[in-house]
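Each number in the working numbering corresponds to the 1-based position in the sequence shown with 1 added. Below: one structure, written as structure tokens.
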Amino acid sequence: MIINGQIINLIHALVAFTCLSFPLLFVVMERSNRSLCYPYIELLTSQSTLFPFQKTQPPQLKAEMSFARKEHEFLTEIGLSSRNLGCYVDGTWKANGPVVTSVNPANNQVPAPKRGEIVRQIGDALRTKLQQLGRLVSLEMGKILPEGIGEVQEIIDMCDFSVGLSRQLNGSVIPSERPNHAMLEMWNPLGIVGVITAFNFPCAVVGWNACIALVCGNCVVWKGAPTTPLITIAMTKLVTGVLVKNNLPPAIFTSFCGGADIGQAVAKDTRISLVSFTGSSKVGQMVQQIVNQRFGKCLLELSGNNAIIVMDDADILLAVRSVMFAAVGTAGQRCTTCRRLLLHESIYQRVVDQLLDVYKQVKIGDPLGKGTLLGPLHTPESRKSFEKGIEIIKSQACCIFHSSTVGGKILTGGSVIESEGNFVQPTIVEISPNANVVKQELFAPVLYVMKFQTLQEAIEINNSVPQGLSSSIFTRKPEVIFKWIGPQGSDCGIVNVNIPTNGAEIGGAFGGEKATGGGREAGSDSWKQYMRRSTWFKSCSPPLWVCHQLCLPEML
């Protein structure tokens with residue numbers, strides 16, 4: 002693992018991450034602003050906003066004392082302690098072993114079904130630590146416990162999917178136009194896949210990428226979010242433990258903790274064939290430009306601005322429940338969070354009234370607590386972004402829609418909750434679809450509500466934003482459904498009917514269009530992005546056909 006280091010020559014800092022001849026290096030972490038232990042100590046002493054629902058403890062409290070606390074005992078069960086091994090700090094290795102620069106392409110020499118067996122073992126290892134890892138996700142990211150456990154379960158499901166995939170990495174046999182010729186497709190590993198993930202899904206997204214990348218014969222270099230280092234360490238220890246048991250070098254799966262400097266190094270390094278990036282559209286565009294300059298491959302999962310359309314014939318109760326969870330879940334910090342609610346004018350007030358009543362019942366508090374539905378935002382910066390967004394919403398209160406003022410009116414919420422954590426009120430705003438603020442992704446539990454008159458108008462509003470990740474419509478009419486999912490309907494990568502915008506399954510390809518990046522991860526044929534396609538031809542007997550109309554004569 003690389004911790005907040007200055008990466009100049011990535012291959013030497015990482016010790017040849019295609020794979021190592023030695024295990025990862027060992028180091029005893031000391032308390033330092035530049036080391037992993039700093040946010041870790043903050044976390045366990047409750048000074049950090051990563052654990053924002055407790056009172057602040059004295060800053061002199063040591064990490065060893067925190068591990069004695071009963072509520073943190075589960076951390077030791079997933080290999081975490083105040084002494085974390087295998088780290089690179091402040092640009093230098095601190096270790097009790099040598100730095101090795103040898104490269105051994107071990108993983109791509111293992112047969113694909115065997116690679117699938119190794120991924121199956123990773124899934125089994127995750128199953129044994131499901132509760133502990135899920136609790137850590139909740140503790141460090143801030144999402145409620147059922148969501149934390151569900152995120153880890155998603156990786157387990159991805160492992161199961163990848164096991165089957167390992168026996169189906171086959172190309173096509175294509176009829177040749179030349180006599181006595183064969184034409185086939187072959188799929189081979191890319192080599193090294195770089196995965197850069199965000200804080201909101203600190204382990205699920207690496208699962209989408211790594212499970213498939215590994216069965217495809219690649220090695221994985223993972224840069225986790227700088228604010229979720231414990232999850233990065235715990236996941237890395239679990240995966241590398243399985244690799245070691247199978248007599249494979251642990252650095253087949255190597256991780257980093259750190260900021261933009263490490264991400265830039267991953268994007269620039271020509272030895273990384275594919276860079277999978279999850280984050281904002283702004284940063285994703287910069288990553289794409291860097292990778293494109295070296296003719297690398299880029300897989301982008303970027304911002305979403307997702308809409309739910311409720312038609313006049315919809316099941317209102319089902320729609321209200323779906324909207325509430327899609328807008329409030331994970332404190333509005335999912336890329337698939339519902340941010341826009343489009344209501345047919347004939348049912349507008351009815352739906353709004355029911356939604357306001359449901360919002361009053363949302364339990365806000367400790368994400369580890371029973372019954373909590375809305376936890377804190379992830380960082381103080383997220384809270385400030387929420388406050389800034391509310392001010393912008395208020396400033397755009399004069400937007401006109403259907404010749405009436407409907408923009409910028411806060412129906413509920415709109416304030417920070419005065420506490421020691423990053424808690425905010427779930428917010429509903431009545432606003433015009435033409436307001437500038439509606440076109441942008443505000444990563445918080447803020448829902449924009451707007452009216453429409455016709456299906457065509459609703460589709461146009463849905464498609465009017467730069468992003469194109471997820472969308473959903475609530476209706477009972479088949480003709481509406483088929484228009485919605487067809488070429489004249491939603492322009493998003495995920496097009497739902499009578500379900501929320503969030504909660505995608507791993508069996509389908511996940512991703513979106515436009516400013517969402519166009520990448521696809523997880524299921525379907527997403528595996529093809531992690532491999533190199535070769536088309537090959539074979540002449541089975543003379544004569545030599547150069548093309549279907551030209552046959553070279555025998556010269557001798």
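All residues carry an ideal CB built from backbone N, CA and C; glycine is no exception.
Need the endpoints of the beta strand (DSSP E) that residue i sits in, please.
i      : result
ALA308 : 307-311
ALA183 : 182-190
PHE257 : 254-258
VAL222 : 220-225
LEU275 : 275-279
PHE538 : 532-540
LEU448 : 447-453
Between residue i and residue j, is the Cβ-Cβ spacing less than 9 Å?
i      : j      : result
ILE460 : GLN489 : yes
ALA516 : SER277 : no
GLY508 : SER525 : yes
LEU470 : THR331 : no
CYS204 : ILE232 : yes
VAL243 : ILE123 : yes
GLY409 : ILE432 : yes
SER491 : SER323 : no
ASN306 : VAL425 : no
GLN355 : VAL321 : yes
SER465 : HIS182 : no
GLY487 : GLU514 : no
LEU319 : ASN499 : yes
Give the secondary structure of residue i by DSSP, where H, G and I count as helix, E and B as strand, and everything else as coil.
i      : result
PHE475 : strand
ALA96  : With a pLDDT of 49 at ALA96, under the threshold of 50, the predicted position of this residue should be treated as unreliable, and no value is reported.
PRO501 : coil
VAL363 : coil
GLN468 : strand
THR331 : helix
ILE432 : coil
GLY195 : strand
THR347 : The sequence shown places Ser at residue 347, rather than the Thr named in the question. Three-state result, SER347: coil.
GLU514 : strand
ILE411 : strand
ARG136 : helix
ILE460 : helix
ALA315 : coil
GLU31  : Residue placement at GLU31 is flagged as unreliable, the pLDDT there being 28, under the threshold of 50; the coordinate-derived value follows with that caveat. If DSSP states are grouped into helix, strand and coil, GLU31 belongs with coil.
ILE418 : coil
LEU495 : First, the residue type needs correcting, since residue 495 is Ile and not Leu in the sequence shown. DSSP places ILE495 in strand when its eight states are reduced to three.
GLU522 : strand
ILE9   : Bear in mind that a pLDDT of 30 at ILE9, under 50, signals an unreliable position, so the number given afterwards is only what the model happens to contain. ILE9: coil per DSSP, three-state reduction.
Which first and last residues belong to the alpha helix (DSSP H) in which residue i is found?
i      : result
LYS298 : Where LYS298 is concerned, there is no enclosing alpha helix (DSSP H), although the beta strand (DSSP E) it sits in stretches over 298-302.
THR129 : 113-129
LEU166 : 146-166
CYS212 : 205-216
ARG384 : 381-396
VAL288 : 282-294
THR233 : 230-246
LEU76  : 75-78
GLN265 : 261-269
Hey, would you say the C-beta of residue i is under 8 Å away from at least one heavy atom of the ligand NAD?
i      : result
THR373 : The model on display carries no ligand, and the ligand NAD is accordingly not part of it.
Once the 5 residues before and after residue i are set aside, which same chain residues still bring their CB inside 6 Å of it?
i      : result
ARG341 : ALA308, TYR449
MET184 : ILE175, SER177, PHE538
GLY135 : GLY149, ILE150, VAL153
ALA315 : PHE475, THR476
VAL288 : ALA268, PHE278
ASN497 : SER473
ILE310 : LEU343, ALA459, ILE474
ILE348 : ASP313
CYS131 : It is Leu, not Cys, that sits at residue 131 in the sequence shown. Within the same chain, LEU131 has close Cβ partners VAL153.
My understanding is that residue i touches residue j, with C-beta atoms under 8 Å, so please give their C-beta distance in whole angstroms.
i      : j      : result
LEU412 : VAL353 : 7 Å
ILE1   : ILE482 : Nothing about residue 1 can be reported from this structure: the residues present for the chain run from 2 to 557 only.
PHE200 : THR228 : 5 Å
TRP209 : PHE511 : 7 Å
GLY172 : GLU186 : 3 Å
LYS452 : LEU344 : 6 Å
GLN334 : LEU369 : With a Cβ gap of about 17 Å, GLN334 and LEU369 do not count as contacting.
GLU558 : GLU302 : Outside the shown range of the chain, which is 2 to 557, sits residue 558, and nothing can be said about it.
Leaving aside the five residues before and after residue i along the sequence, list all residues of the same chain whose C-beta is less than 7 Å from its C-beta, in chain order.
i      : result
ALA214 : VAL194, VAL221, TYR531
GLY264 : ILE197, LYS224
VAL216 : ALA113, ARG116, GLY117, VAL120, SER163, LEU166, SER167
VAL329 : VAL363, LEU374, LEU375, PRO427, PRO446
GLN133 : PHE75, GLU78, ILE79
LEU191 : ASN219, SER274, LEU275, TYR531, MET532, ARG533
LEU81  : LEU231, ILE234, ALA235
To which residues of the same chain is residue i closer than 8 Å at the C-beta, ignoring the five residues directly before and after it?
i      : result
ARG128 : ILE157
LYS478 : MET312, ASP314
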